[in-house]
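Participant: If you want the working numbering, it's the 1-based position in the sequence shown plus 20.
Just so it is clear, CB atoms sit at the ideal spot from N, CA and C, and this is done for glycine as well.
Here's a structure for you.
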Amino acid sequence: MKTIVSPSLLAADFTNLQADIDMINRSEADWLHCDVMDGVFVPNISFGFPVLEAVKRICTKPLDVHFMIVKPERYITRTAKLGAMMMNVHYEACTHLNRTIHEIHEEGMKAGVTLNPSTPVCMLEDCIQDVDMVLLMSVNPGFGGQKFIENTYMKIGRLRKLIKDSGSNALIEVDGGVNAETAPKLKRAGVDVLVSGSYVFKAKEPEKVISALAGSL
Numbered sequence: 021m022k023t024i025v026s027p028s029l030l031a032a033d034f035t036n037l038q039a040d041i042d043m044i045n046r047s048e049a050d051w052l053h054c055d056v057m058d059g060v061f062v063p064n065i066s067f068g069f070p071v072l073e074a075v076k077r078i079c080t081k082p083l084d085v086h087f088m089i090v091k092p093e094r095y096i097t098r099t100a101k102l103g104a105m106m107m108n109v110h111y112e113a114c115t116h117l118n119r120t121i122h123e124i125h126e127e128g129m130k131a132g133v134t135l136n137p138s139t140p141v142c143m144l145e146d147c148i149q150d151v152d153m154v155l156l157m158s159v160n161p162g163f164g165g166q167k168f169i170e171n172t173y174m175k176i177g178r179l180r181k182l183i184k185d186s187g188s189n190a191l192i193e194v195d196g197g198v199n200a201e202t203a204p205k206l207k208r209a210g211v212d213v214l215v216s217g218s219y220v221f222k223a224k225e226p227e228k229v230i231s232a233l234a235g236s237l
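Here it is in structure tokens:
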């Protein structure tokens with residue numbers, strides 16, 4: 021079964037973004053993963069709505085927008101207006117997660133919830149049936165190019181069991197350290213969506229890398 025591939029915009033060349041988006045459009049990538057960072061929830065600042073709006077105008081792939089910010093619920097309406105397919109918020113950043121999930125759905129988007137490496141999957145027991153996707157961070161959020169956290173494989177297994185036991189249809193996405201070594205293991209563990217940044221955009225032939233990830237190599 022084909023794996024959904026969502027290359028991470030964070031690793032693109034921002035001096036020639038048009039060329040990298042054109043490559044994504046030609047490729048077998050299913051989505052484009054967009055990391056919005058505020059320098060508060062994570063120790064880095066990435067980009068905001070002006071960049072997202074520019075990308076949406078030229079990208080033909082659905083936007084998988086991952087908010088690494090405090091109080092992401094402030095931007096639900098604007099994200100929907102942008103035309104994002106998925107709005108993904110951190111469990112750790114949402115005081116009223118259930119409300120936020122439903123507000124995302126009310127705006128016509130799919131709702132994703134992200135867990136940091138130290139957050140156990142059991143924290144989603146009471147909302148797993150309402151979410152469309154769970155993103156497991158396999159590195160500590162904030163910076164690209166980090167080393168993959170090996171405990172992620174066991175965490176995927178626990179999340180897959182929670183999804184099955186609850187009757188949820190949530191997809192499992194993993195972000196951080198996804199490459200030729202980790203991707204096959206992640207697929208075998210039960211991952212549906214692979215986010216990959218540096219491994220894709222720094223490759224000599226990124227379209228071939230994306231195609232290989234889609235088949236999980």
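Would Val90 pass as a contact of Val71 if the rule is Cβ separation under 9 Å?
Facilitator: no
Participant: Cβ atoms of Gly197 and Ala31: under 9 Å apart, would you say?
Facilitator: No, the Cβ-Cβ distance between Ala31 and Gly197 is not below 9 Å.
Participant: Give the C-beta separation of Ile230 and Ser47 to the nearest angstrom, bearing in mind that I take them to be a contact with Cβ-Cβ under 8 Å.
Facilitator: Between Ser47 and Ile230 the Cβ distance is about 5 Å, and since that is below 8 Å, they are a contact.
Participant: Over the uninterrupted beta strand (DSSP E) stretch that includes Glu170, give me the two end residues.
Facilitator: First-last for Glu170: undefined, no H or E at that position.
Participant: Which same chain residues, not among the five before or five after Lys22, have their C-beta less than 6 Å away from its C-beta?
Facilitator: Ala234
Participant: Check for me: the alpha helix (DSSP H) holding Ile78 runs from which residue to which?
Facilitator: Phe69 to Ile78
Participant: Please state the DSSP three-state secondary structure of Glu193.
Facilitator: Glu193: strand per DSSP, three-state reduction.
Participant: Determine the burial state of Pro161: buried for a count of at least 16 other Cβ atoms within 10 Å of its Cβ, exposed for fewer.
Facilitator: In the assembly as shown, Pro161 is a buried residue. Its beta-carbon has 16 or more other beta-carbons within 10 Å.
Participant: Considering Met43, what are the terminal residues of the alpha helix (DSSP H) in which it resides?
Facilitator: Per DSSP, Met43 belongs to the alpha helix (DSSP H) from Leu37 to Arg46.
Participant: Ala140 to Ala203, Cα distance in whole Å?
Facilitator: Sequence check: residue 140 is Pro here, not Ala. Pro140 and Ala203: Cα-Cα distance of roughly 22 Å.
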